[in-house]
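Protein chains in written order, with our numbering: chain A, 63 to 394; chain B, 63 to 394.
For every residue, glycine included, the Cβ atom is placed at its ideal position computed from N, Cα and C.
Predicted, not measured: the structure shown is a model, and the values here were computed from it.
Everything below concerns the one structure shown next.
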């Protein structure tokens with residue numbers, strides 16, 4: 063009896079702090095999703111406001127879990143942020159997606175103080191990639207690339223069965239690879255970044271410029287979002303279809319380069335824009351195949367699949383990453 | 063005395079089988095280069111002719127070494143080939159740089175039979191990368207990329223201190239990454255491959271089209287080689303200078319993409335064309351920096367250096383790889 067009562071289920075909490083939405087999940091070490099919430103966030107909020115928001119949400123989730131599953135114990139928290147992090151020190155080094163006071167912020171120390179729980183920091187795209195590895199489309203692959211197509215474009219790498227973060231934790235910056243050397247100027251200073259021509263933001267921009275008729279419920283150009291453009295394309299709008307085909311082709315150019323560089327087994331495509339499914343994936347797949355004929359099917363090819371986790375991948379990955387770090391497993 | 067006489071120096075032999083030249087080295091396990099030869103090869107020779115050529119050269123080198131250093135013992139041979147290899151079976155899977163009968167050839171079995179020595183097969187660009195890791199510009203880095211700019215363009219990756227060959231041994235195919243989506247058609251079927259616009263072959267093509275005056279010792283356009291174009295540039299020819307600047311910029315676009323994808327500590331540049339030094343590296347470096355501002359110096363940047371091994375990197379790496387495989391060390 064004593065033995066039974068001391069065997070509590072270990073749970074970790076993952077938080078994906080996006081520009082417009084905060085996603086939070088609680089996962090058991092057996093992989094069961096125990097709780098899942100989404101709340102709107104204002105990315106321009108000062109860091110202290112967001113940390114307090116997170117602390118409230120974590121407390122609510124802990125109360126909810128212990129009410130329904132008294133045998134559980136929350137042991138770790140992982141926070142995924144859009145930006146460059148320094149994992150050893152737990153600092154956010156550089157972000158443009160959050161308020162300026164996040165730059166240089168000792169986020170791990172702040173979380174630990176606010177939550178009284180062990181906490182880790184991870185880049186959001188790498189968190190999504192780790193989520194795909196543990197619970198998503200990457201299961202069964204030792205070498206895969208994850209690309210997240212949302213407002214911006216991020217990525218992450220799993221090589222030899224492990225998340226590969228690069229020499230300074232900044233691998234997978236696929237949104238700033240060049241697909242058009244003389245293309246439009248990006249905020250990063252480069253021309254023709256993938257993010258400038260194939261992100262959700264690029265789809266919205268292209269729609270505002272090129273779509274003339276009404277789409278969706280409103281005739282206001284504010285109604286142009288990647289989702290409404292996808293709906294218009296499915297409803298037969300030729301311009302909307304061409305916008306998605308172009309987006310897919312540009313993604314195919316960039317991912318073809320990734321295939322030539324890394325020879326992965328698979329590419330897992332996630333993020334909000336990927337919800338368009340074959341509208342995006344068909345032209346993308348065609349472009350990758352055309353540009354990587356040396357990696358033909360008879361030499362293994364590359365599997366291209368939609369993320370089964372969708373926009374929860376980051377929060378799930380952050381929770382799993384926190385659990386893994388707590389176990390003291392070495393992971394690079 | 064007995065103890066002394068049984069302590070023989072262990073040596074491995076590396077062979078880099080190129081399209082025009084065969085390089086062969088013998089290296090002690092202490093890193094000392096004991097022998098080094100280069101002979102012209104005809105890439106169109108049938109495989110049996112080349113295997114016999116290799117067997118003769120290896121026998122000569124063994125005789126030379128045992129004459130000068132009787133305490134040595136050759137224990138392994140590594141063969142680097144330009145193409146896709148299947149390491150577990152020791153087959154060459156696919157090559158366009160050698161005679162057609164190399165496709166599907168059980169090269170390791172043939173070498174073992176011809177040499178009576180353990181033998182391993184490795185891709186030539188990956189061999190050069192491994193050579194840079196053990197004896198060249200990659201020493202001291204855990205994460206670096208090697209790019210070899212010769213007649214064609216190859217590459218290799220060292221991640222976490224190990225050669226990373228990709229899921230099917232085909233990582234680092236940098237010559238077929240796209241730098242101009244609508245650029246010139248490559249033999250691989252893609253448009254705008256790096257190799258089409260920035261290789262030694264591309265420099266020669268550009269010179270034939272755009273250089274009008276005499277360069278080098280002859281006025282015949284056959285005298286246009288990457289070396290004579292470099293000499294013309296150094297002598298002040300503006301067109302030749304522009305050809306090298308363009309080559310460097312295209313390499314910078316492709317390597318900028320590699321930096322964004324992998325966040326390496328360093329890029330080691332080798333191959334015959336890299337002998338042009340700053341003529342090539344200055345515009346390349348400038349382009350990489352311009353296209354990867356997110357990887358600024360304060361966030362580690364990326365070191366860009368010339369290979370100190372030059373065109374011996376492949377043979378040295380093949381020898382070192384053979385020695386490593388013999389030690390039974392696991393390497394991926």
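Suppose contacts are defined by Cβ-Cβ distances below 8 Å. Is residue i in contact with residue j by that definition?
i, j, result
"residue 89 (chain B)", "residue 102 (chain B)", "no"
"residue 345 (chain B)", "residue 311 (chain B)", "yes"
"residue 118 (chain A)", "residue 127 (chain A)", "no"
"residue 197 (chain B)", "residue 93 (chain B)", "yes"
"residue 328 (chain A)", "residue 367 (chain A)", "yes"
"residue 152 (chain A)", "residue 176 (chain A)", "no"
"residue 123 (chain A)", "residue 86 (chain A)", "yes"
"residue 147 (chain A)", "residue 216 (chain A)", "no"
"residue 269 (chain A)", "residue 296 (chain A)", "no"
"residue 382 (chain A)", "residue 193 (chain A)", "yes"
"residue 161 (chain B)", "residue 107 (chain B)", "yes"
"residue 188 (chain A)", "residue 227 (chain A)", "yes"
"residue 91 (chain A)", "residue 385 (chain A)", "yes"
"residue 248 (chain A)", "residue 356 (chain B)", "no"
If distances are taken between C-alpha atoms only, which option among the options comes closest to residue i?
i, options, result
"residue 96 (chain A)", "A:387, A:384, A:378 and A:390", "A:378"
"residue 203 (chain A)", "A:365, A:375, A:370 and A:380", "A:365"
"residue 105 (chain B)", "B:230, B:287, B:165 and B:82", "B:82"
"residue 380 (chain B)", "B:137, B:128, B:183 and B:125", "B:183"
"residue 100 (chain B)", "B:113, B:162, B:108 and B:78", "B:78"
"residue 109 (chain A)", "A:93, A:136, A:80 and A:122", "A:80"
"residue 323 (chain B)", "B:129, B:373, B:285 and B:206", "B:206"
"residue 371 (chain A)", "A:285, A:253, A:294 and A:201", "A:201"
"residue 354 (chain B)", "B:341, B:320 and B:139", "B:320"
"residue 237 (chain A)", "A:349, A:226, A:340 and A:252", "A:252"
"residue 352 (chain B)", "A:356, A:125, A:255 and A:292", "A:255"
"residue 154 (chain B)", "B:178, B:167 and B:70", "B:167"
"residue 239 (chain A)", "A:318, A:357, A:267 and A:123", "A:318"
"residue 139 (chain B)", "B:147, B:180 and B:268", "B:180"
"residue 369 (chain B)", "B:294, B:339, B:388 and B:316", "B:339"
"residue 313 (chain B)", "B:348, B:389 and B:274", "B:348"
"residue 257 (chain A)", "A:298, A:342 and A:316", "A:316"
"residue 337 (chain B)", "B:115, B:373 and B:298", "B:373"
"residue 342 (chain B)", "B:261, B:84 and B:390", "B:261"
"residue 116 (chain A)", "A:84, A:358 and A:125", "A:84"
"residue 358 (chain B)", "A:70, A:156 and A:125", "A:156"
"residue 287 (chain A)", "A:298, A:271 and A:263", "A:263"
Roughly how far, in whole angstroms, is the beta-carbon of residue i from the beta-carbon of residue j, given that I think they are within contact range, below 8 Å?
i, j, result
"residue 190 (chain B)", "residue 375 (chain B)", "4 Å"
"residue 173 (chain B)", "residue 141 (chain B)", "6 Å"
"residue 259 (chain A)", "residue 235 (chain A)", "16 Å between Cβ atoms; not a contact."
"residue 229 (chain A)", "residue 132 (chain B)", "About 45 Å separates the two Cβ atoms, so there is no contact after all."
"residue 186 (chain A)", "residue 144 (chain A)", "5 Å"
"residue 72 (chain B)", "residue 137 (chain B)", "5 Å"
"residue 302 (chain B)", "residue 291 (chain B)", "5 Å"
"residue 350 (chain B)", "residue 309 (chain B)", "Actually they do not touch by this definition, with Cβ atoms about 14 Å apart."
Notebook entry, point to check: Is the number of C-beta pairs between the region 206-213 of chain B and the region 328-347 of chain B that are closer than 8 Å three or more?
Noted result: yes
Margin query: Measuring CB atoms only, is the region 217-226 of chain B touching the region 215-232 of chain A, in the sense that at least three cross pairs come out at less than 8 Å?
Written below: yes
Check: Using a Cβ cut-off of 8 Å, which residues of the region 326-353 of chain B contact any Cβ in chain A, in chain order?
Finding: When C-beta distances to chain A are compared with 8 Å, the residues of the region 326-353 of chain B below that value are 326, 327, 352 and 353, in chain order.
Check: Residues in the region 210-243 of chain A with C-beta within 9 Å of chain B's C-beta atoms, listed in sequence order?
Finding: 217, 219, 221, 222, 224, 226, 227, 228, 229, 230, 231, 232, 233, 234, 235, 236, 237, 238, 239, 240, 241, 242 and 243
Next item on the list: Can you give me, in chain order, the residues of the region 291-319 of chain B that have a beta carbon less than 9 Å from any beta carbon in chain A?
Entry: 311, 312, 315, 316, 318 and 319
Item checked: Contact residues within the region 145-167 of chain A, judged by C-beta distance below 8 Å to chain B -> Of all residues in the region 145-167 of chain A, 146, 155 and 156 have a Cβ within less than 8 Å of some Cβ in chain B.
Check: Taking a cut of 7 Å between CB atoms, which residues from the region 247-261 of chain B lie near chain A?
Finding: 250, 251 and 252
Item checked: Interface residues of the region 178-212 of chain B facing chain A [CB-CB below 9 Å] -> 203, 204, 205, 206 and 207
Margin query: Any C-beta of chain B within less than 7 Å: which residues of the region 111-135 of chain A qualify?
Written below: none
Check: What are the residues of the region 96-108 of chain B that lie near chain A, defined by any Cβ-Cβ distance shorter than 9 Å?
Finding: Hits within the stretch: zero.
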